[in-house]
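Numbering of the sequence shown is given in my numbering, commencing with residue 15 and proceeding in unit increments. Each residue gets a CB set at the ideal place from its N, CA and C atoms; glycine is no exception.
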Amino acid sequence: MKARFPILSDLAGDLPRAANCGFGGGCGDAERPAPALPADVAARVKNHPCYSQEAHHHFARMHVAVAPACNIQCHYCNRKYDCANESRPGVVSERLTPEQAVRKVQAVAAEVPSLSVVGIAGPGDPLANPEATFATLEGVKRAAPDLTLCLSTNGLALPDHADRLADLGVGHVTVTVNMVDPVVGERIYPWVNWKGRKVRGAEASRLLSERQLEGIARLAARGVLCKVNSVVIPGVNDTHLSEVGRRLRGLGVFLHNVMPLISAPEHGTHYGLTGQRGPTTPELEAVQRACEVDVRLMRHCRQCRADAVGRLGEDRSGEFTMASLPPEPAQDAAQVRAAHRAAVDRVRERQEAAKREALRAVGGAPEGLRARVAVATRGEGLVNEHFGHAREFLVYEVAAAGSRLLGIRKVERFCQGGEGDEDALAPVLRALSDCQAVLVAKVGHCPKGQLAAAGVEPVVDLAHQPIEAAALTWFAGFAARVGRGEAAAPALRAEPAALAAEGDAVAVA
Ligand code: CLF
Ligand code: SF4
Numbered sequence: 015m016k017a018r019f020p021i022l023s024d025l026a027g028d029l030p031r032a033a034n035c036g037f038g039g040g041c042g043d044a045e046r047p048a049p050a051l052p053a054d055v056a057a058r059v060k061n062h063p064c065y066s067q068e069a070h071h072h073f074a075r076m077h078v079a080v081a082p083a084c085n086i087q088c089h090y091c092n093r094k095y096d097c098a099n100e101s102r103p104g105v106v107s108e109r110l111t112p113e114q115a116v117r118k119v120q121a122v123a124a125e126v127p128s129l130s131v132v133g134i135a136g137p138g139d140p141l142a143n144p145e146a147t148f149a150t151l152e153g154v155k156r157a158a159p160d161l162t163l164c165l166s167t168n169g170l171a172l173p174d175h176a177d178r179l180a181d182l183g184v185g186h187v188t189v190t191v192n193m194v195d196p197v198v199g200e201r202i203y204p205w206v207n208w209k210g211r212k213v214r215g216a217e218a219s220r221l222l223s224e225r226q227l228e229g230i231a232r233l234a235a236r237g238v239l240c241k242v243n244s245v246v247i248p249g250v251n252d253t254h255l256s257e258v259g260r261r262l263r264g265l266g267v268f269l270h271n272v273m274p275l276i277s278a279p280e281h282g283t284h285y286g287l288t289g290q291r292g293p294t295t296p297e298l299e300a301v302q303r304a305c306e307v308d309v310r311l312m313r314h315c316r317q318c319r320a321d322a323v324g325r326l327g328e329d330r331s332g333e334f335t336m337a338s339l340p341p342e343p344a345q346d347a348a349q350v351r352a353a354h355r356a357a358v359d360r361v362r363e364r365q366e367a368a369k370r371e372a373l374r375a376v377g378g379a380p381e382g383l384r385a386r387v388a389v390a391t392r393g394e395g396l397v398n399e400h401f402g403h404a405r406e407f408l409v410y411e412v413a414a415a416g417s418r419l420l421g422i423r424k425v426e427r428f429c430q431g432g433e434g435d436e437d438a439l440a441p442v443l444r445a446l447s448d449c450q451a452v453l454v455a456k457v458g459h460c461p462k463g464q465l466a467a468a469g470v471e472p473v474v475d476l477a478h479q480p481i482e483a484a485a486l487t488w489f490a491g492f493a494a495r496v497g498r499g500e501a502a503a504p505a506l507r508a509e510p511a512a513l514a515a516e517g518d519a520v521a522v523a
C-alpha cells in the first residue's frame, strides 16, 4: 500500500534549513482514553517530549551535565555513572560549567530544529548544586528564551528552591519518589546529607519523604507541572508504589513515570553488587496498572543519560562534545525551531485526521477484543523503521475505542551490516512474544517467517503511515479475521511470557 499521508520530511521544503536538520525519527486504557487536558496545560506540554507522549515523536530534549554532587545516596546509584533517576547507566562524557552548558545549548539549538527542552538531570542532583544549576538555567533562558526549561531532582532540597524555580519560569520539574514509608525507604536510601550531617536509617527516609512531598506541594501551588519518577525495585517497593501513587494524586502531580530498576554488577551499585534485580516486563506492567488510577502514566521514558541530546530513544550526545563545538557561540536559529513547530502542527492535524478515519473503520470490532501491536519507528510519528534496524519497538494496545502506548521494548539491532544474525533474532522474538503483529517499514524473508511462526504477524503494507492510524487499521482487519474464525482472539492482558529471561530485552515504561 502506498503512503496516503504526508510525512514530515515531505514538509521539509517549508522550512529554513539548518546545517544538521534534526528531523528523524498516554495514558488511560485503550477502551477508556484519558480525558482531555485543559487548554492552558495542553499548550505547556504540547512540545515537551517527556510530558507528551505524542510530542516525543517530533521533538528533542537535551540535558546539560552541570550538577556533579548529590545530597543523598540511592542504592541504585554509583557516582561514576549517570543519575539513575533520569539516566540509564553510563558515564557522563563531560561535566560542564554553566558557561560551557550555555554554549553547548546554543550549538545544539542551532543544529537541531526539533530541540524544544533543556533539562538538568545530573549526573548528581541539580539542587545539591544550586549555584551551577541556577546560573545555567538563567543563562539558557537569556540565550534561547523559546526553549522550555526542565529539571529533575531527588527532592531533598526542593522546598528551599521551589519558589526560585517558579520565578525563573521553570515550568516542568521531576521528583523521584520511590516511597512514602520510611521502612521501605530504609532499603533504598542508606543516608541523606542534611545540613552537613549524614542522617541514616528510617530517619533519613522520613526526612527525604517529607521534603519531597513538601516540595511537590509548593511547586503545584505555583503552577509548575510536576512529574514523579518511581523506580520499581522488586521485593522492595513494587507493592508499595500504588500507595505512593495515592499520595501523589492528592498533591496535584501531573504525570507519574513508573520505570524499571536498572541494575547490573558492572555498574558498581549496591543493588548491582548484591544481586537486586530489576522487574521483568510483566512485573513492571503490573505495577504500572496498580499505579494508573486517576493519574496520567508516562510510558515512553527511555531513562536517558544526564548528557543526552536528541529525541528520546536516540543519542546524539557524541556529536556535541565541547571539543567539537565552534569556538564562538553559534548563531541562534529560533526561526528554524519556530518553523519546525509549525510544520509539526500541520503533520499533527493530518495524523489526527488519519486516526479519526481509522477509528471510524474499527468501530465495528467486538467490545472486549484487544490486541497488542509492536511498531518500529525512527520518529515523525510514522511506521518507518526496518525490522532489522530497530533498537526498540513501541508496543500499543488497540481496541475498538482506540489505541494507547503500553511501553517501549529495547532490543539489540538484529541486522548488522546487511546480514541478519540468527542469534540476535531470538531475543527480539521473545521481546515481542505478547504481540499479535509488528508494523515495520520492511522485513527480511527469514525474520518474516520466524515472526509468523512465533504468532507475531509481520506487517509491511502500513509502512510510512501514522502509527496509531496504522495500528487501528491493522486491528480492524484483525477483528474481521477473528469474526470469521481465521484468527484467534488474544487472551486479555496477554503477557510477554519469555521476558522473564532477563537481559534479553529491557522494557522501559
Ligand atoms: Fe530531561 Fe527529565 Fe526534563 Fe525529560 S528526561 S529532565 S523530564 S527533559 Fe524524559 Fe529522559 Fe525519561 Fe527523564 S525520557 S529519563 S522522563
Ligand atoms: Fe545518584 Fe541521583 Fe540518587 Fe543522587 S539522587 S544518589 S545522583 S540516583
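Rounded to whole angstroms, the Cβ separation of ALA180 and ASN143 is 19 Å, and the two are not in contact under 8 Å. The beta carbon of ARG109 is closer than 6 Å to those of ALA79 and PRO82 in its chain, skipping five residues each way along the sequence. Residue environment analysis places ASP321 among the buried positions, since at least 16 neighbouring C-beta atoms fall within 10 angstroms of its C-beta. One thing to note: ALA176 has its Cβ no nearer than 8 Å to the Cβ of GLY136.
In chain order, VAL397 place their CB closer than 6 Å to the CB of GLN479, counting only its own chain and leaving out the 5 sequence neighbours on each side. The Cβ atoms of LEU172 and LEU141 lie closer than 8 Å to each other.
Listed as beta-bridge partners of HIS186 by DSSP are CYS164 and LEU239.
For TRP205, the pairing in a beta bridge is given by DSSP as GLN87 and ARG214. Closer than 7 Å to some heavy atom of the ligand CLF: that does not describe the Cβ of THR147. Minimum Cα-Cα distance from LEU182 among the listed residues GLU68, PHE148 and CYS315 corresponds to PHE148. With fewer than 16 neighbouring CB atoms inside 10 Å of its own CB, CYS460 falls in the exposed class. Placement of the Cβ of ALA79 at a distance of 7 Å or more from every heavy atom of the ligand CLF is found.
Non-local beta-carbon contacts of ALA388 in its own chain, meaning distances under 6 Å to residues more than five positions away in sequence, involve PHE407, VAL409, LEU446, CYS449 and VAL452 in chain order.
DSSP places GLY259 inside the alpha helix (DSSP H), whose first and last residues are 255-263.
CA-to-CA, the gap between ALA438 and VAL206 works out to about 43 Å.
By the criterion of a C-beta distance shorter than 6 Å, ALA379 is surrounded in its chain by ALA414 and ALA493, once the five residues flanking it on both sides are discounted.
By the CB criterion at 8 Å, ALA158 and VAL119 fall inside the cutoff. Distances taken from the Cβ of HIS186 to the heavy atoms of the ligand CLF include one shorter than 7 Å. When secondary structure is reduced to three states using DSSP, ALA320 falls in the coil class, being assigned neither helix nor strand. At least one heavy atom of the ligand SF4 is found less than 7 Å from the C-beta of GLN87.
When the alpha-carbon of PHE73 is set against those of GLN430, GLY458, HIS354 and ALA390, the nearest one is in HIS354. One thing to note: PHE428 has its Cβ no nearer than 8 Å to the Cβ of GLY395.
Approximately 5 Å separates the beta-carbon atoms of ARG316 and LEU326; this is inside 8 Å, confirming the contact.
For GLU371, the CB contacts under 8 Å within the same chain, skipping 5 residues up- and downstream, are ALA483 in chain order.
Taking 8 Å as the cut-off, the beta carbon of VAL132 is found no closer than this to the beta carbon of LEU170. Residues of the same chain with a CB within less than 7 Å of the CB of ALA466, apart from the 5 flanking positions on each side, are PRO472 in chain order. Here LEU172 carries a helix assignment [DSSP, helix/strand/coil]. Annotation for ASN168 indicates a beta carbon within 7 Å of some heavy atom of the ligand SF4.
In the same chain as ILE247, and ignoring 5 residues on each side of it, the C-beta atoms closer than 6 Å to its own belong to LEU275, in chain order.
Secondary structure in the segment 390-443: the beta strand (DSSP E) runs of 3 residues or longer, each lying completely within the stretch, are 406-413 and 416-424 in chain order. Placement of the Cβ of CYS91 at a distance of less than 7 Å from at least one heavy atom of the ligand SF4 is found. Per DSSP, ILE247 is not a residue of any beta strand (DSSP E), being assigned neither H nor E.
Contiguous beta strand (DSSP E) elements confined to the segment 274-347 occur at 310-312, taking only those with 3 or more residues.
Within the same chain, Cβ atoms closer than 7 Å to the Cβ of HIS284 are found at HIS89, the five residues on either side in sequence being excluded. By the neighbour-count criterion, in which 16 or more other beta carbons inside 10 Å mark a residue as buried, SER338 falls on the exposed side.
Closest in alpha carbon position to VAL245, among VAL272, GLY237 and LEU383, is VAL272.
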